[in-house]
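Student:
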């Protein structure tokens, strides 16, 4: 699930709903400034709702963005796996 | 090393300097909105400078902040370990 501009609680509730429906693993992804929000979402989900989740597996990386004018910039990304045995 | 309000490159250069001087392990820490910057710093350091670093070990957590008025809020934190064998 990609974290974007909506309030954190929207993502928390969406993830919570899917995992209550039986999903055992879900990956939260974000780029750039929304990385902080992705960490908030993961922390709220695992502390308040899916408290039987394993320790999160977290990966950070860099993506190259090619803009319309041909310029390239790098943006950091994060992936946080929320998993229940 | 705590990531705060300075530009990312200040932290990148400080970390780079310490590791060039022989330090083999360093932990980048950040809270709240600066988490995104901490990921940028870790990515720039390991992609451009300390390219022989191991895969980062990353831990996320939540801290409670008690304000002057007694109110409590939670803030997410991140710790990224940059390590060289």
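Residue numbers (our numbering), protein chains in the order written: chain G, 81 to 165; chain V, 81 to 165.
Cβ atoms here follow ideal geometry from the backbone N, Cα and C, with glycine treated the same way.
Can the beta-carbon of residue 158 of chain V be found closer than 7 Å to that of residue 122 of chain V?
Tutor: no
Student: Could you give the first and the last residue of the continuous alpha helix (DSSP H) run that contains residue 96 of chain V?
Tutor: 88-100
Student: Residue 128 of chain G: buried (16+ other C-beta within 10 angstroms of its C-beta) or exposed?
Tutor: exposed
Student: Classify residue 135 of chain V: buried if its beta carbon has 16 or more other beta carbons within 10 angstroms, exposed otherwise.
Tutor: exposed
Student: Under 7 Å between beta-carbons, which chain G residues line up against residue 113 of chain V? List them in chain order, please.
Tutor: 116
Student: Taking a contact to mean a Cβ-Cβ separation below 7 Å, would you say residue 115 of chain G touches residue 116 of chain V in this structure?
Tutor: Result yes, Cβ atoms of residue 115 of chain G and residue 116 of chain V sit closer than 7 Å.
Student: With hydrogens ignored, establish whether the beta-carbon of residue 142 of chain V is closer than 6 Å to any heavy atom of the ligand MN.
Tutor: As far as ligands go, the structure on display features none, and thus does not contain the ligand MN.
Student: Here's a check: name, in chain order, each residue in its chain whose Cβ is nearer than 6 Å to the Cβ of residue 109 of chain V, leaving out the five neighbours to either side.
Tutor: 82, 159
Student: Less than 7 Å between CB atoms is the rule here; does residue 132 of chain G satisfy it with respect to chain V?
Tutor: no
Student: So residue 139 of chain V and residue 145 of chain V are in contact, right, with Cβ under 8 Å, and what is the actual spacing, rounded?
Tutor: Wrong, their Cβ atoms sit about 19 Å apart, outside the cutoff.
Student: My understanding is that residue 120 of chain V touches residue 156 of chain G, with C-beta atoms under 8 Å, so please give their C-beta distance in whole angstroms.
Tutor: Contact check for residue 120 of chain V and residue 156 of chain G: beta-carbon distance about 5 Å, within the 8 Å limit, so the pair qualifies.
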